[in-house]
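Residues in the sequence shown are numbered consecutively from 23, following our numbering. A virtual CB, placed ideally from N, CA and C, is assigned to each residue, including glycine. Please read these numbers as outputs of a predicted model, since none were measured by experiment. Here's the structure, in structure tokens; my notes come after.
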Amino acid sequence: MRRGHRKNTGIPQILHTNTTIVSQTFRIMTLSKEKSKLFKEVIDMWKIKKGAKFVAVALTFGVMASAAFQGTNYLFNQLGTGSEEEQTAELNMANAVSTSADASDSSSSSETSSVSAIADAAMPSLVAITNQSVQEMMNWFGQSQVYESESSGSGIIVGQTDTELLIVTNNHVVEGAQTLSVGFVDETAAEGHINGTDADHDIAVISVNKSDLSEDTLSKIKVIEIGSSSDLQVGEQVVAIGNALGYGQSVTTGIVSALNRSVTIDGVTNELIQTDAAINPGNSGGALLNMSGQLVGINSAKYSDTTVEGMGYAIPVDDVTDIIESLMNRTARTEQVAEAERGFLGITGQDVTSEVSEAYGMPRGVYITSVTEGSAAAAAGLQQGNIITKFDGTSVSSMSDLQNLISYYRSGETVEITYSAVSDGEYVEQTVEVTLGTNTNTSTASNE
23 MRRGHRKNTG IPQILHTNTT IVSQTFRIMT LSKEKSKLFK EVIDMWKIKK
73 GAKFVAVALT FGVMASAAFQ GTNYLFNQLG TGSEEEQTAE LNMANAVSTS
123 ADASDSSSSS ETSSVSAIAD AAMPSLVAIT NQSVQEMMNW FGQSQVYESE
173 SSGSGIIVGQ TDTELLIVTN NHVVEGAQTL SVGFVDETAA EGHINGTDAD
223 HDIAVISVNK SDLSEDTLSK IKVIEIGSSS DLQVGEQVVA IGNALGYGQS
273 VTTGIVSALN RSVTIDGVTN ELIQTDAAIN PGNSGGALLN MSGQLVGINS
323 AKYSDTTVEG MGYAIPVDDV TDIIESLMNR TARTEQVAEA ERGFLGITGQ
373 DVTSEVSEAY GMPRGVYITS VTEGSAAAAA GLQQGNIITK FDGTSVSSMS
423 DLQNLISYYR SGETVEITYS AVSDGEYVEQ TVEVTLGTNT NTSTASNE
């Protein structure tokens with residue numbers, strides 16, 4: 023059964039600011055007209071001039087899709103699944119009894135405190151996140167090349183089970199990650215795994231195994247207390263904490279400049295908290311706290327306009343509480359399936375990048391350029407021109423993301439795929455269940 027709802031396809035109004043790039047930055051070159059012909063269908067559909075250029079890389083999908091990366095030592099071990107944990111994790115809400123282990127150690131304050139006291143109490147709940155990723159880009163000659171890059175962001179410990187810590191951050195902080203490193207208040211670090219993401223709300227939940235942490239580290243960290251963003255008032259003082267520019271946790275303070283500020287990114291509009299507290303690259307995923315030290319917002323440099331001073335944005339915690347709790351109770355898959363047993367979808371596709379999304383009002387994801395006859399995708403009704411945006415509940419922004427995700431699933435597993443299709447001149451989101459097949463053509467990475 024398919025479910026659908028319409029998405030805003032208006033041109034975004036705020037420039038996208040990525041998390042800090044600590045290593046080398048590479049310019050993405052647009053393709054020539056000859057290499058852009060694979061997007062001709064969507065160009066014709068929107069009656070865009072034939073000379074338009076897209077930043078898109080055609081990639082094939084299947085069992086051998088990760089062959090190009092076999093020379094690297096990265097482990098694709100952070101991807102979320104649709105299964106539920108036996109133990110349910112819950113957020114530590116203000117004035118509520120938490121069911122998390124060691125809930126008594128979580129911060130709890132109902133009285134107004136000084137900025138320094140708030141920062142001191144919150145630091146054990148904040149983490150620094152380092153994202154090691156591999157990016158495929160086009161060089162001057164139109165050839166595809168793979169580069170390694172590193173970016174930084176922040177996260178907030180929002181829950182725990184007997185076996186893992188659960189951390190909320192922004193989707194764009196962990197997007198495209200091959201490995202994640204999570205740094206704690208005592209300057210120790212451990213590997214992080216992605217439980218799940220929601221690109222529309224720029225939310226992700228990652229986990230760290232407690233077995234990877236020392237008893238000393240566990241004694242120094244704590245789950246943050248969740249407040250209510252609905253109680254905020256314009257002019258109220260707030261405190262922002264995050265891993266600014268990747269240099270470590272820093273504290274800024276300001277006021278709530280506006281509430282329910284509509285901001286559109288990649289065709290999706292969200293209502294955000296506007297503050298004049300500095301929200302810099304690297305602060306993404308950090309905490310916006312009220313003067314009782316409670317979490318009321320999740321900072322996002324993605325939405326912040328760096329061309330204007332004093333305009334930072336945070337995601338209201340009340341708007342994403344249900345999303346966070348849902349992602350907290352997903353299990354991270356940590357081992358890739360052997361290629362002979364790996365699931366097969368049966369499509370070829372191209373990336374719909376942020377630039378393309380903003381220019382043409384298309385959802386970010388994977389644009390299907392072809393569907394293999396008799397494949398799992400064909401059986402589920404996926405068609406050329408559809409744009410895949412989620413795989414089994416995890417947001418997809420590139421073909422590489424999709425390939426990485428499916429490498430953790432076996433043939434015969436049933437997953438839920440979210441995609442967008444054009445209806446009456448606009449994209450409509452649909453959901454379909456797909457039972458992954460087997461790639462019989464194991465001698466090539468292409469399934470065309």
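- Can you find a C-beta in chain B that's less than 8 Å from the C-beta of G249? This model lacks chain B altogether; it includes just one protein chain.
- Message: Is the beta carbon of E455 closer than 8 Å to that of E438?
- Response: Contact: yes.
- Per-residue DSSP class, three states only, for Q452: The answer is strand: DSSP assigns Q452 an E or B state.
- Determine contact between the region 369-379 and the region 413-427, defined as no fewer than three beta-carbon pairs at a distance below 8 Å. These segments touch.
- Reduced DSSP secondary structure (H/G/I, E/B, other) of D234: Correct three-state label for D234: helix.
- Message: To the nearest angstrom, how far is the alpha carbon of E380 from that of D184?
- Response: The straight-line gap from Cα to Cα measures roughly 43 Å.
- Assigned exposure category for N548 - 16 Cβ within 10 Å defines buried: Outside the displayed range of the chain (23 to 470) lies residue 548, so it cannot be described from this structure.
- Is the CB-CB distance between V388 and L424 below 8 Å? Yes, the Cβ-Cβ distance between V388 and L424 is below 8 Å.
- Query: Taking the DSSP output, what are the residues bridged to D16?
  - Reply: Nothing can be reported for residue 16: it is not among the residues displayed for the chain, which extend from 23 to 470.
- If we call anything under 8 Å between Cβ atoms a contact, is P385 one with T411? Their beta carbons are under 8 Å apart, which means P385 touches T411 by this criterion.
- Query: V256: buried (16+ other C-beta within 10 angstroms of its C-beta) or exposed?
  - Reply: Per the 10 Å Cβ criterion, exposed.
- Message: For the pair the region 234-248 and the region 296-306, tell me if three or more CB-CB distances fall below 8 Å.
- Response: Not touching, per the Cβ criterion.
- Output the distance between the C-alpha atoms of L240 and N351, rounded to the nearest integer angstrom. Spanning the two alpha carbons is a distance of roughly 21 Å.
- Query: Taking the alpha carbon of I263 as the point to measure from, which residue in N408, T394, V342 and Y335 has its own alpha carbon closest?
  - Reply: Considering only N408, T394, V342 and Y335, the residue with the shortest C-alpha distance to I263 is Y335.
- Look at the alpha carbon of S174 and the alpha carbon of G308, and state the distance between them as a whole number of angstroms. One C-alpha to the other measures close to 11 Å.
- Query: What's the gap between the Cα of R283 and the Cα of I337?
  - Reply: R283 and I337 have their C-alpha atoms some 10 Å from each other.
- Go to L424, then tell me how far its alpha helix (DSSP H) extends in each direction, as first and last residue. L424 -> alpha helix (DSSP H) spans M421 to I428.
- Could you name the residues of the same chain whose beta carbon sits closer than 6 Å to that of A150, not counting the 5 residues immediately before and after it, in chain order? Excluding positions up to five away in sequence, the list reads G205 and N265.
- Query: Can you tell me the Cα-Cα spacing of N193 and G304, whole angstroms?
  - Reply: When rounded, the distance between both Cα atoms is 13 Å.
- Message: Suppose you measure from the CA of Y431 to the CA of T394; what does that come to, to the nearest Å?
- Response: The straight-line gap from Cα to Cα measures roughly 19 Å.
- Query: Quick one: Cα of G368 to Cα of A399, how far?
  - Reply: Straight-line Cα distance between these residues: approximately 6 Å.
- Tell me where the beta strand (DSSP E) around V278 begins and ends. Unbroken beta strand (DSSP E) run through V278: S272 to I287.
- Message: Using a Cβ-Cβ cutoff of less than 8 Å, which residues in the same chain neighbour E347 once the five nearest sequence positions on both sides are dropped?
- Response: Setting aside the 5 residues that flank it on each side, E347 is surrounded in the same chain by A111, E112 and L113, each with a C-beta closer than 8 Å to its C-beta; the list follows chain order.
- Item | N-terminal and C-terminal residue of the alpha helix (DSSP H) that I295 is part of | In the DSSP assignment, I295 falls outside any alpha helix (DSSP H) and lies within the beta strand (DSSP E) extending over V290 to T297.
- Taking all protein chains shown into account, do 16 or more other C-beta atoms lie within 10 angstroms of the C-beta of Y325, making it buried, or fewer, making it exposed? Label assigned to Y325: buried.
- W68 to D446, Cα distance in whole Å? Low local confidence applies: a pLDDT of 44 at W68 is under 50, so the model's placement there is unreliable, with the coordinate-based value given in what follows. For the pair W68 and D446, the Cα-to-Cα distance works out to about 12 Å.
- Query: When you compare each of Q182, Q154, V180 and Q259 to E172 by their alpha carbons, which one comes out closest?
  - Reply: Among Q182, Q154, V180 and Q259, the Cα nearest to that of E172 belongs to Q154.
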